[in-house]
Amino acid sequence: MSTIIQLTNITKIYQVGEEQVHALDGASLTIQRNEYVAIMGPSGSGKSTMMNIIGCLDTPTTGLYELNSTNVSEMNDNQLAKVRNKEIGFVFQTFNLLARSDVLHNVELPLIYGGVTSAERKKLARAAIDRVGLTDRIHHKPNELSGGQRQRVAVARALVTHPSILLADEPTGNLDTKTGEEIMQLFDTLQKEGNTIILVTHEEDIAAHAHRRVRLRDGKIERDELDKDRKVITKPAMVRV
Amino acid sequence: MKFVFDEFKEGLRIAFTAIRANLMRSILTMLGIIIGIVSVTLMGTAIEGLNRAFNKSIAAIGADVLYIQKWPWGGGDDWWKIRNRKDILITQAKAIEKQANTVRAMTPIAGARRNVKYGGKVVESITVIGTNAELTETTGSNIAFGRYFSAIEADGGRPVTAIGSEVAVNLFPNETPLGKTIKIGGYGYKIVGVFEKQGSLLGMESLDNRAYVPINRFFKEFMNQRRGIQIWTRAKSLTELDETKEEVRGIMRKVRHLKPKEEDDFAINQQEILVQTFNQIGGVIAAVGLFITGLSLFVGGIGIMNIMFVSVTERTREIGIRKAIGAPRRTILLQFLMESAALCLIGGIIGIIIAFPLSLIIDTVLPTAMPVSVVGIALLVSIFVGVVSGFLPAYRASRMDPVDALRYE
């Protein structure tokens, strides 16, 4: 079991008019490979900022972020783009698929930016689509799919590069309870297959799928709960109150 | 390399999807480029036509022929001073004929306007030219039927004439003019030959509405030989034109009794003077014309830039998605640049397709065809306009923050 994410004393300060807003205020967090973590908190707690930093969409104001033992906290835009492409699979609340492209092309897209050859791309994309059970929808456009199917396409797109972490931001937020549950079961299976999954959510029953819940409040980690019966984590996570 | 190609392909795919998705908007935007390309292309074609017309017309003047005249072609000097110069006389022509070594052929030219008659038909006020037997050799003009008059006929002042094709057609619509006697200004001349059609000189005077007669007879019947003439001399070779010019100039100065420090009181004109003058004027016309038509292309480019800004804003979310899954700045920049370049290129192609039939209409006035170079330049220019006007919007897209872009509604 190895450390995949190491956040040390992360702060993120936004300048809003005259005022400085501390979205994250000295948060430290370690996540191991194959963990299933939910990052929770009310709105304004800093969980979105946390997700953006973990997802390399943003860099911290101060603090150190090591992803796979690489310091990514001071990388520039293009370096971050490369890290996102190789290491991170995003699943968004609003699916964020390209409306004018079919399922295959949507799933293929990260591989295009990753410089994978056409034949290899098609092979990997088909495998990922097959994994989420949408092989018969491969040439459909997103608007021809149901919400649950769209989110499966998004999961396939996130999986296709075999990233280090799957980062899901309220993945069931736009789905009804039943479809949401199906998507969560897909995440459960993916975790059992060895993927590291980080959920960002404010729903307790969604977070219940995870084995560890990190609760944020006012930019600080309030509680870090670990399910006792899950033998995933070898060393106890840091708890800050 | 393969990677760049794939990225390029993806860019093209995005470009065409985007253009198709907003077809009406794309077409309206293209319209600016289409109009710009049509006007620039037509202007280019017209300028090319003007050049061709000039070159074709000036060919009759001959690059290796020197025209010794009282009046310089370029103009510029004091009008009264030139007006008061002594005339060039036939005796001076004879001096050149006798003394010049670098001259291939020379011919004195005296002109007058007379009516010509044959049977009941009259052609009014044609140019009658008195000259010698070396005219065809000097000007390089050709006889279509019959022959030009010989040195013996010329020296003897025989009543023979070679006429221009227009005179021949007008006087002899249904029969051969050869051997017929026509009245030039009341005097009888036998036609020995008809010139090939030569067209007009710079669109002014027709070279075909002329009759050429031996100059010795011309002085008896049409003009006093103490009046001014021109002397045309053809150099032995074009490369030695300057030597010929100097030699002829020396002879002229001598026979006109000019002192060493006096300036020439005659002009030695040559094709080059016209070419230079034309290039100056033509260059200004071309620059002004292309500038004005270029403005419409510029306006078209602004339209493209405007619509690309709209396109970038509309697709902020898409840019966010692409960035989130790993598209670097360069890729986003390329994507939007290609979209605007494709928009302009399509506009350019449509513009050329529209301009081509219009250029055929110009062709009826000026001898021209749309040159391949103009087509090529037009296409390059439209791509250039696309890249330039797409750059700012594309740059803005490439610099977007992925977090903000993803949050954009």
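First to last, the sequence lines map onto chains A and B.
Per the numbering used here, residue 193 is the first one in the first sequence, and the count goes up by one each step.
Per the numbering used here, residue 447 is the first one in the second sequence, and the count goes up by one each step.
Glycine is no exception: its CB is placed at the ideal position from the N, C-alpha and C atoms.
Between the alpha carbons of A:GLU210 and B:ILE738 lies a gap of roughly 51 Å. The segment 393-405 of chain A makes no contact with the segment 308-322 of chain A; the number of CB pairs closer than 8 Å stays below 3.
Contact holds between the segment 346-357 of chain A and the segment 297-306 of chain A, because three or more Cβ pairs, one in each stretch, are under 8 Å apart. In this structure, the alpha-carbon of B:ARG672 lies about 6 Å from that of B:LEU535.
For A:VAL392, same chain residues with a beta-carbon under 6 Å away, outside a window of 5 residues either side, are ILE231, LYS239, MET243, ASP361 in chain order. LEU301, PRO302, ILE304, TYR305, GLY306, GLY307, VAL308, THR309, SER310, ARG313: these are the residues of the segment 298-328 of chain A whose beta carbon lies less than 9 Å from some beta carbon of chain B, given in chain order. The beta carbon of B:ILE750 is closer than 8 Å to those of THR475, GLY478, ILE479, SER786, LEU789, CYS790, VAL831, GLY832, SER835, GLY836 in its chain, skipping five residues each way along the sequence. Remark: C-beta atoms of A:GLN341 and A:LEU326 approach each other more closely than 8 Å. B:LEU804 is not a Cβ neighbour of B:SER844, given a cutoff of 8 Å. Interface criterion met: the Cβ of A:ASP250 is under 8 Å from a Cβ in chain B. In chain order, ILE528, ALA713 place their CB closer than 7 Å to the CB of B:TRP517, counting only its own chain and leaving out the 5 sequence neighbours on each side.
Secondary structure note for A:LYS278: its alpha helix (DSSP H) is the uninterrupted segment 269-279. Here A:PHE379 is buried, its C-beta having at least 16 other C-beta atoms within 10 Å. For A:LYS239, the nearest beta carbon of chain B is not closer than 8 Å to its own beta carbon.
Unbroken beta strand (DSSP E) stretches of 3 residues or longer found wholly inside the segment 226-253 of chain A: 228-232, given in chain order. Chain-order list of chain A residues neighbouring B:GLU785: empty, with the shortest C-beta distance near 13 Å, by a criterion of under 9 Å. The three-state secondary structure of A:ARG292, taken from DSSP, is coil. Straight through space, the alpha carbons of A:ILE246 and A:ALA291 are spaced by roughly 27 Å.
Distance check between A:TYR257 and each of A:LYS278, A:ASN277, A:THR195 places A:THR195 closest, using alpha-carbon atoms only. Contact annotation: in the segment 770-799 of chain B, residues whose CB is within less than 8 Å of a CB in chain A are ALA770, ILE771, GLY772, ALA773, PRO774, ARG775, ARG776, THR777. Chain-ordered, the chain A residues with CB closer than 7 Å to the CB of B:GLU764 read LEU290. For A:ALA273, the residues of chain B that pass the 8 Å Cβ criterion are LYS769, GLY772, ALA773, PRO774, ARG775, in the order they occur in the chain.
The Cβ of A:ASP410 sits no closer than 8 Å to any Cβ of chain B.
Judged by DSSP in its simplified three-state form, A:HIS332 adopts coil rather than helix or strand. B:ARG663 counts as buried, since no fewer than 16 other beta carbons sit within 10 angstroms of its beta carbon.
Between the segment 599-613 of chain B and the segment 634-651 of chain B there are three or more inter-stretch CB-CB distances shorter than 8 Å, so the stretches are counted as touching. Assignment of B:ILE534 by DSSP, reduced to helix, strand and coil, places it in the coil class.
Contact note: B:ASP809 does not reach chain A at a C-beta cutoff of 9 Å; the least C-beta distance is about 45 Å. One thing to note: B:GLU453 has its Cβ within 8 Å of the Cβ of B:THR777. Interface annotation for the segment 460-489 of chain B against chain A: THR463, ALA467, criterion Cβ-Cβ distance under 7 Å. At least 8 Å separates the CB of A:ASP294 from every CB of chain B. CA-CA distance, B:VAL818 to B:GLN781, rounds to 30 Å. Counting only runs of 4 or more residues that sit fully inside the segment 769-801 of chain B, no alpha helix (DSSP H) segment turns up. Residues of chain B with a Cβ closer than 7 Å to the Cβ of A:ASP368 do not exist; the shortest Cβ-Cβ separation is about 22 Å. For B:LEU477, the enclosing alpha helix (DSSP H) has its first and last residue at 469-504. Between B:ILE555 and the set B:ASN547, B:TYR564, B:GLU580, the nearest pair of CA atoms involves B:GLU580.
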